[in-house]
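J.: Protein sequence lines correspond, in order, to chains U and B.
To convert, count from 1 in the first sequence and add 49; that's the numbering used here.
To convert, count from 1 in the second sequence and add 206; that's the numbering used here.
Note that the Cβ used here is the ideal one computed from N, Cα and C, for glycine as well.
On a predicted model such as this, the values are computed, not experimentally measured, just so you know.
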Amino acid sequence: AQSVTQLDSHVSVSEGTPVLLRCNYSSSYSPSLFWYVQHPNKGLQLLLKYTSAATLVKGINGFEAEFKKSETSFHLTKPSAHMSDAAEYFCVVNQNTGNQFYFGTGTSLTVIP
Amino acid sequence: NAGVMQNPRHLVRRRGQEARLRCSPMKGHSHVYWYRQLPEEGLKFMVYLQKENIIDESGMPKERFSAEFPKEGPSILRIQQVVRGDSAAYFCASSTRQDNQPQHFGDGTRLSIL
Numbered sequence: 050a051q052s053v054t055q056l057d058s059h060v061s062v063s064e065g066t067p068v069l070l071r072c073n074y075s076s077s078y079s080p081s082l083f084w085y086v087q088h089p090n091k092g093l094q095l096l097l098k099y100t101s102a103a104t105l106v107k108g109i110n111g112f113e114a115e116f117k118k119s120e121t122s123f124h125l126t127k128p129s130a131h132m133s134d135a136a137e138y139f140c141v142v143n144q145n146t147g148n149q150f151y152f153g154t155g156t157s158l159t160v161i162p
Numbered sequence: 207n208a209g210v211m212q213n214p215r216h217l218v219r220r221r222g223q224e225a226r227l228r229c230s231p232m233k234g235h236s237h238v239y240w241y242r243q244l245p246e247e248g249l250k251f252m253v254y255l256q257k258e259n260i261i262d263e264s265g266m267p268k269e270r271f272s273a274e275f276p277k278e279g280p281s282i283l284r285i286q287q288v289v290r291g292d293s294a295a296y297f298c299a300s301s302t303r304q305d306n307q308p309q310h311f312g313d314g315t316r317l318s319i320l
């Protein structure tokens, strides 16, 4: 069975400060993990993906995530928040033999000027 | 723009009517996925199709919902006799392969049932 838990439904940071969005997963098989961002009334845009290569994955817009198997985590980070980062973020897991993507319930990021 | 195209962006229907949602995958993509997003929730998988084949419809409600991806033309998600609970955003995604490849999403169709 697979599932994704995003530990915070809302995160609020000041502009220029670090961002941490937490994600834990469970998977019976070696998973692929993704972070997507959704701006209001838009579709989802891929930020980054982990597919069993380097455990530290760098994505677009300065985001990165680290796959930690021992902690079953895939937290998303960014050193310095920008106003344009305000959006909904989804952590997604996909086992390497399946066609279903399992979405977390999302974390809403607010950036305070 | 060679991205995933969904139309209409917004669709309003009265209870009992039919809703048809269309999705054209990215060029070169042969795999299409439909998801439903209820307010304040993540996306829930509905169905996975390749050209002329439904591969996995385990997330699709058993009644009133159907999907197709014909040889020519877009994928269609059809909801018959809509009810208020069908109000949601419906997203289509496409990919080149089945497993562990990023899915590229359209901007969604927001369905409102009066």
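Note down the Cα distance separating B:Met252 from U:Tyr151, rounded to an integer number of angstroms.
T.: As a first step, residue 252 of chain B is located in the second sequence; it is residue number 46 there, counting from the start. As a first step, residue 151 of chain U is located in the first sequence; it is residue number 102 there, counting from the start. Whole-angstrom Cα-Cα distance: 11 Å.
J.: Would you call the CB atoms of U:Tyr85 and U:Leu93 closer than 7 Å?
T.: As a first step, residue 85 of chain U is located in the first sequence; it is residue number 36 there, counting from the start. As a first step, residue 93 of chain U is located in the first sequence; it is residue number 44 there, counting from the start. Yes, the pair counts as a contact, with Cβ atoms nearer than the cut-off.
J.: Which bits of chain B does U:Lys98 rub up against, with CB to CB less than 7 Å?
T.: To locate residue 98 of chain U, count along the first sequence from 1; it is residue 49. The contacting residues are Pro308.
J.: Of all the options U:Pro80, U:Thr104, U:Val68, U:Thr159, which has the alpha carbon lying nearest to the alpha carbon of U:Val53?
T.: Residue 53 of chain U sits at position 4 when you count from the first residue of the first sequence. Measuring from the Cα of U:Val53, the nearest candidate turns out to be U:Pro80.
J.: If we define contact as Cβ-Cβ less than 7 Å, is B:Leu249 a contact residue for chain U?
T.: As a working mapping, residue 249 of chain B is identified with position 43 in the second sequence. Interface residue, yes.
J.: Looking at chain U, which residues of the segment 257-287 of chain B have a Cβ within less than 9 Å of any of its Cβ atoms?
T.: Listed in sequence order: Ile261, Asp262, Ser264, Gly265.
J.: Which of helix, strand or coil does DSSP assign to U:Ser52?
T.: One-based indexing of the first sequence puts residue 52 of chain U at position 3. Three-state DSSP puts U:Ser52 in a strand.
J.: At a CB-CB cut-off below 8 Å, which residues of chain B make contact with U:Lys91?
T.: Indexing the first sequence from 1 puts residue 91 of chain U at position 42. Asp313, Gly314, listed in chain order.
J.: Could you spell out the range, first to last residue, of the beta strand (DSSP E) harbouring B:Phe275?
T.: Counting from 1 along the second sequence, the entry for residue 275 of chain B is found at position 69. Counting along the chain, B:Phe275 falls outside any beta strand (DSSP E), and DSSP gives it neither H nor E.
J.: Alpha carbon to alpha carbon, how far is B:Asn207 from B:Lys268?
T.: In the second sequence, counting from the first residue as 1, residue 207 of chain B sits at position 1. In the second sequence, counting from the first residue as 1, residue 268 of chain B sits at position 62. Because B:Asn207 carries a pLDDT of 49, less than 50, the predicted location of this residue cannot be relied on, and the following value inherits that uncertainty. Between B:Asn207 and B:Lys268, the C-alpha separation is close to 35 Å.
J.: Does the distance from the CB of U:Thr159 to the CB of U:Ser61 come in under 7 Å?
T.: Working through the first sequence from its first residue, we reach residue 159 of chain U at position 110. Working through the first sequence from its first residue, we reach residue 61 of chain U at position 12. Yes. Within cutoff.
J.: Rounded to a whole number of angstroms, what is the C-alpha to C-alpha distance between B:Met211 and B:His235?
T.: Along the second sequence, read from residue 1 onward, the residue named residue 211 of chain B stands at position 5. Along the second sequence, read from residue 1 onward, the residue named residue 235 of chain B stands at position 29. Between B:Met211 and B:His235, the C-alpha separation is close to 12 Å.
J.: Nearest chain A C-beta to U:Gly153 closer than 7 Å, yes or no?
T.: Looking for chain A here will not work: the only protein chains present are U and B.
J.: At which residues does the beta strand (DSSP E) containing U:Ile109 begin and terminate?
T.: Reading the first sequence from its first residue, position 60 is the one you call residue 109 of chain U. Run containing U:Ile109: none; DSSP gives neither H nor E here.
J.: Step through the CB atoms of chain B and report whether any lies within less than 7 Å of the CB of U:Leu95.
T.: For the purposes of this step, residue 95 of chain U is taken as residue 46 along the first sequence, with counting starting at 1. It does; some Cβ of chain B falls within 7 Å.
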